[in-house]
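J.: Pasting a structure below so you can have a look.
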Amino acid sequence: MGEYFKNVPVVKYEGPKSTNPFSYKFYDKDRIVRGKTMGEQLKFAMAWWHTLCANGVDMFGSATQDKSFGTSDAMDLAKAKVYAGFEFMEKLGIDYFCFHDRDLAPEGRTLEESNENLAKIVDVVAEQQKLSGKKLLWGTANLFGNPRYMHGASTSPNVDVYAYAAAQVKAAMDATVKLGGHAYVFWGGREGYETLLNTDMGLELDNMARFFKMAIAYGNKIGFDGDFYIEPKPKEPTKNQYDFDAATALNFLRKYDLLDRFKLNIEANHATLAGHTFQHELAVARINGAFGSVDANQGDELLGWDTDQFPTQLYSTTLAMLEILKAGGFTNGGLNFDSKQRRGSFTLEDTALAHIAGMDSFALGLLIADKIIEDGRIGDFVDKRYASWNSDLGKSIIAGNESFESLSAIALKNGEVTTNISGRQELLENIFNQILVSGV
Ligand code: XLS
Ligand code: CA
Ligand code: CA
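Under our numbering, the first residue of the sequence shown is numbered 57, with each subsequent residue one higher.
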């Protein structure tokens, strides 16, 4: 088995003054924040595909990172990745992981062989879980990489592709249940269209809903008691993806009556691709009772694609943690590092340093969000801003007792509105900054 991350020591909390790169400055796993440990509040997960598979390949260049873990055969590599992954989680103190079927085990020559490969590696993972206590956050199937999915999977015009995708999800759900996961993700990278000239959008969406209903039915049969998540993304690789953003995905779930088993997995970089902030997407999920899980990363303001960078922007992690706390925190979900080290950060030490940066940034985000809530100035301001809704008129509208006729009569009697108060945006942003730098 051996050691794979040889230059990576066990990473511990050393506090904000430490200059040891392999230490947490802010992530103090057992520290209690808002009634739970930081470990429980943040529920960090390692993404199998980036941490153990991504090798720096991009549209213009080949691999810069060696993730062969000393092997050449595909199944040996799959096994080595299990040992490497568990060593990595142990050293970093990460308790969860997430996978696609095809990052765990290679696709075989036939579907039977692919299923066998997956089952074999799942056994090895289960063994390691027993030894380490590490848990599966969620599983998913890769329904976008293989050429068969060129026109989509559950939205393919080709019914044979649809059946193949169902077989793949069935096996990935078996793996998820076997590894004790309480969540299963659908990200539809090929579910959408390139041109409406060749697309029956109505049929494709109906078929996607049928697919999800079959997943629920199968989950019930095999004892899957967790959540299904849709992970919204507007585009890339497909021009228009059906799960464009949180609101679009929610409309779909509501239309097809899927909301009792489905929630959302919100990814920061996908939010910005949709022209929203990360905070906005989390808020939309929360107010619709559909907050599930988070893919933690960030995009680059100057690059218009899904760069999946490790999250280091404190504004973003703090605003995200404020929303997550407002949503009541994680239940089945967690913070999955769907993030990859930059192509130029090509060593295995960088893999660890990148996770440390992301974990510290979310830990700081949590600590600052907690301080903002404790401080109360921003929350109180929002309460006061809406105080008129506690007046007799506000209460009467909320109770459903008013009409356009009655409100028109009131407005005519009142005359011009003189009661507007300032939104104080700049003041609030300054309070935010003050709390951000005032020490945690
Ligand atoms: C790609 C997605 C993908 C999902 C899981 O952009 O982020 O990695 O998280 O299929
Ligand atoms: Ca993702
Ligand atoms: Ca992404």
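Quick reminder that beta carbons are idealized off the backbone N, C-alpha and C, glycines included.
Starting from Phe142, follow the alpha helix (DSSP H) in both directions and report where the run begins and ends.
T.: 130–148
J.: Inspect the beta-carbon positions of Phe155 and Leu192 and report whether they are closer than 9 Å.
T.: yes
J.: Taking the beta carbon of Ala136 as the centre, do at least 16 other beta carbons fall within 10 Å, making it buried, or is it exposed?
T.: buried
J.: In whole angstroms, what separates the C-alpha of Gly275 from that of Asp406?
T.: Those two C-alpha atoms are separated by around 38 Å.
J.: Does the beta-carbon of Lys360, which I'm using as the reference point, lie nearer than 8 Å to any heavy atom of ligand 1?
T.: In the sequence as presented, Lys is not what sits at residue 360; that position holds Gly. Outside the cutoff, so no.
J.: With DSSP as the reference, identify every bridge partner of Tyr312, one or two as the case may be.
T.: Secondary-structure assignment with DSSP links Tyr312 through no beta bridge to anything.
J.: By a C-beta neighbour count over all protein chains shown, 10 Å radius and 16 as the cutoff for buried, is Ser170 buried or exposed?
T.: So Ser170 counts as buried.
J.: To the nearest angstrom, report how far apart Ala383 and Ala103 are at their CA atoms.
T.: 24 Å
J.: Scan the stretch 83–115 and note each continuous beta strand (DSSP E) run of 3 residues or more that stays entirely inside, going in chain order.
T.: 100–103
J.: Thinking C-alpha only, which one of Ala341, Val340, Leu259 is nearest Tyr312?
T.: Leu259
J.: Take every Cβ of the stretch 302–316, pair it with every Cβ of the stretch 371–380, and state whether three or more of those distances are shorter than 8 Å.
T.: no
J.: Which of the three DSSP states is assigned to Phe418 in this structure?
T.: If DSSP states are grouped into helix, strand and coil, Phe418 belongs with the helices.
J.: Would you check if the stretch 226–235 and the stretch 162–181 touch, i.e. whether three or more CB-CB distances between them fall below 8 Å?
T.: yes
J.: Nearest-angstrom Cα distance between Phe393 and Gly479?
T.: 35 Å
J.: Buried or exposed: which applies to Val493, given that a residue is buried once 16 or more other Cβ atoms fall within 10 Å of its Cβ?
T.: exposed
J.: Could you tell me which of Ile322, His332, Leu358, Gly331 sits nearest to Arg342, measuring between CA atoms?
T.: Ile322
J.: In the stretch 381–431, which residue ranges form an unbroken alpha helix (DSSP H) of at least 4 residues, counting only runs that do not cross its ends?
T.: 404–431
J.: From this set, Leu98, Lys81, Phe488, which residue's C-alpha is nearest Ile88's C-alpha?
T.: Leu98
J.: If you run the structure through DSSP and keep just helix, strand and coil, what is Ile434?
T.: In the structure shown, Ile434 sits in a helix (DSSP, three-state: H, G or I).
J.: When DSSP builds the beta bridges, which residues end up paired with Asn296?
T.: Tyr249
J.: Just to confirm the assignment: which complete beta strand (DSSP E) runs, minimum length 3, are found wholly within the stretch 200–286?
T.: Those beta strand (DSSP E) runs which fall completely within the stretch 200–286 and span 3+ residues are 239–242, 283–286.
J.: To the nearest angstrom, how far is the alpha carbon of Pro290 from that of Ala221?
T.: 21 Å
J.: Ligand 2: which residues have Cβ under 5 Å from any of its heavy atoms, chain order?
T.: Glu323, Asp351, Asp394
J.: What does the alpha-carbon distance come out to for the pair Asp281 and Lys234?
T.: 12 Å
J.: For the alpha helix (DSSP H) that Ser462 lies in, which residues bound it at each end?
T.: 460–470
J.: From Tyr80 to Val66, what distance separates their C-alpha atoms?
T.: 11 Å
J.: Got a sec: does ligand 1 put a non-hydrogen atom nearer than 8 Å to the Cβ of Asp448?
T.: For Asp448, the shortest C-beta to heavy atom distance toward ligand 1 is 8 Å or greater.
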